[in-house]
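Numbering of the sequence shown is given in the UniProt record's numbering, commencing with residue 1 and proceeding in unit increments.
Read through the structure below, which is laid out as structure tokens, and then see the notes.
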Amino acid sequence: MPHSMHRCTIFDMNIRRVPFDHPDAVKLNDQVQAEYHVRYGDGGDATVLDPTHFEPPKGVYLIVYDEDDSPVATGGWRAKDANGEGNLDGDAELKRMYVVERARGLGLARRILAALEEDARAAGRSRMVLETGTKQPEAIALYVSSGYEPCEKFGYYRFHEDSRCFAKPLAV
Numbered sequence: 001m002p003h004s005m006h007r008c009t010i011f012d013m014n015i016r017r018v019p020f021d022h023p024d025a026v027k028l029n030d031q032v033q034a035e036y037h038v039r040y041g042d043g044g045d046a047t048v049l050d051p052t053h054f055e056p057p058k059g060v061y062l063i064v065y066d067e068d069d070s071p072v073a074t075g076g077w078r079a080k081d082a083n084g085e086g087n088l089d090g091d092a093e094l095k096r097m098y099v100v101e102r103a104r105g106l107g108l109a110r111r112i113l114a115a116l117e118e119d120a121r122a123a124g125r126s127r128m129v130l131e132t133g134t135k136q137p138e139a140i141a142l143y144v145s146s147g148y149e150p151c152e153k154f155g156y157y158r159f160h161e162d163s164r165c166f167a168k169p170l171a172v
């Protein structure tokens, strides 16, 4: 079967910590931005992200690689504290959760989410927060089924009608 047609299996995956500006992270970020543009028609997420936001202990960026060492999923968190955009002290903001189309339905997003929550908890963050949108129902379903509840809107899109924000306590 050609590589592009190869179906991933969850047993052959490995998760690696990488810098946000790693070439594979840039490649997946370009893909998720293109998907946001298709769904929302706005060119992608305009939230300002800097590679230093994802450097431990103030954040982390993860990529899941398949058995062929191809990047198939990604996600990160960055520390956020009380600011004029609705965050609270101790927040860890989830960013760039994405699974390539051929690897969807294997539980990779749930695995990345759990790894990010564990890492943020270990870094002393008290709450994981995220912003998504109404045109991403599968993302909303993942977060709700993982214990996230609607919270006060925060961040760049806090005034947008399609924006939905969620939070989950990171109890020690």
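Glycine included, each C-beta is placed from N, C-alpha and C at the ideal position.
* Asked: Applying the criterion that 16 or more other CB atoms from any shown protein chain within 10 Å of the CB defines a buried residue, is residue 110 buried or exposed?
  -> It counts as exposed.
* Indicate whether the contact test is met: 3 or more Cβ pairs, each with one atom in the region 124 to 134 and one in the region 77 to 90, closer than 8 Å. => Yes, the region 124 to 134 is in contact with the region 77 to 90.
* To do: Work out the CA separation of residue 119 and residue 21 for me, nearest whole Å.
  => C-alpha separation (whole angstroms): 19 Å.
* Looking only at C-alpha atoms, which of 51, 102 and 155 sits nearest to residue 26? -> Nearest option by C-alpha distance: 51.
* To do: Go ahead and label residue 14 buried or exposed: buried means 16 or more other beta carbons lie within 10 angstroms of its beta carbon, across all protein chains shown.
  => Residue 14 sits exposed, since fewer than 16 C-beta atoms from the chains shown fall within 10 Å of its C-beta.
* Asked: Which stretch, first to last residue, makes up the beta strand (DSSP E) that contains residue 163?
  -> Where residue 163 is concerned, the enclosing beta strand (DSSP E) stretches over 163 to 169.
* Sequence-distant residues of the same chain with beta carbon closer than 6 Å to residue 116, five excluded per side -> 75 and 77.
* To do: Keeping to the same chain, check which residues put their C-beta closer than 6 Å to that of residue 81; ignore five residues upstream and five downstream.
  => When the five nearest sequence neighbours on each side are left out, the beta carbons in the same chain lying within less than 6 Å of the beta carbon of residue 81 are those of 89, in order along the chain.
* Is residue 27 helix, strand or coil by DSSP? -> Judged by DSSP in its simplified three-state form, residue 27 adopts helix.
* Separation of residue 57 from residue 134, as counted between CA atoms -> If I take the Cα positions, the gap works out to 31 Å.
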